[in-house]
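In the numbering used here, the protein residues as written are 2 to 191.
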């Protein structure tokens with residue numbers, strides 16, 4: 002899923018940790034206005050979009066399958082991808098739907114991300130031949146797209162890079178077994 006990322010830097014918050022230092026919470030004053038000291042907006046972001054743009058900047062021919070909203074953010078993302086020379090063959094405008102949005106709260110050099118995924122019905126288009134496929138973060142309903150990618154890899158012989166998103170990591174290894182079996186490269190970040 003492609004998204005618009007809104008980065009907010011704040012200074013008026015606290016971090017509370019339990020005994021386990023990995024179990025920390027960002028604490029904001031409830032029902033208060035929290036000043037934002039820096040603001041930055043990026044259209045056409047998200048795991049797949051970032052990889053597609055980076056790959057295109059290296060001069061490699063790249064196309065992106067993504068569903069974008071039927072709104073001004075979706076139109077802006079389409080323009081960003083065109084400017085970055087990412088082929089639009091598989092960029093689909095999801096009629097009547099909004100674009101995805103992530104709000105990234107930066108505090109003390111760490112980030113907390115609020116993610117809005119518009120409900121989508123993923124249907125992988127008929128893809129041309131390619132050497133590599135990068136499969137990453139999808140919102141709810143991602144299972145059908147995973148099955149379609151596995152079939153595409155098995156039939157066409159492309160190599161798969163799999164970088165699961167939040168929804169995929171939450172279901173566990175067993176439900177990801179088929180895509181893991183056909184993956185050439187597996188990437189996980191926290």
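Each residue gets a CB set at the ideal place from its N, CA and C atoms; glycine is no exception.
Which residue's Cα is closest to the Cα of residue i: the options?
| i | options | result |
| --- | --- | --- |
| residue 1 | 22, 53 and 12 | The chain is shown from 2 up to 191; residue 1 falls before or after that span and cannot be answered. |
| residue 135 | 118, 83 and 184 | 184 |
| residue 87 | 151, 190 and 46 | 46 |
| residue 3 | 21, 54 and 28 | 54 |
| residue 167 | 188, 153, 78 and 161 | 188 |
Taking the C-alpha atoms as reference points, what is the distance between residue i and residue j?
| i | j | result |
| --- | --- | --- |
| residue 16 | residue 32 | 18 Å |
| residue 102 | residue 156 | 34 Å |
| residue 76 | residue 82 | 10 Å |
| residue 99 | residue 131 | 30 Å |
| residue 145 | residue 124 | 7 Å |
| residue 178 | residue 42 | 36 Å |
Where does residue i land, buried or exposed, given buried means 16+ other C-beta within 10 angstroms?
| i | result |
| --- | --- |
| residue 118 | buried |
| residue 48 | buried |
| residue 133 | exposed |
Which residues mark the beginning and the end of the beta strand (DSSP E) in which residue i is found?
| i | result |
| --- | --- |
| residue 70 | 67-70 |
| residue 95 | 92-95 |
| residue 153 | Premise fails: residue 153 lies in the alpha helix (DSSP H), 144-157, not in any beta strand (DSSP E). |
Kindly indicate the opening and closing residues of the alpha helix (DSSP H) around residue i.
| i | result |
| --- | --- |
| residue 84 | 73-84 |
| residue 170 | 167-172 |
| residue 58 | 48-58 |
| residue 240 | Lying before the first or after the last residue shown, residue 240 is absent from the chain, which here runs from 2 to 191. |
Report the CB separation of residue i from residue j in whole angstroms; it is logged as a contact under 8 Å.
| i | j | result |
| --- | --- | --- |
| residue 106 | residue 9 | 5 Å |
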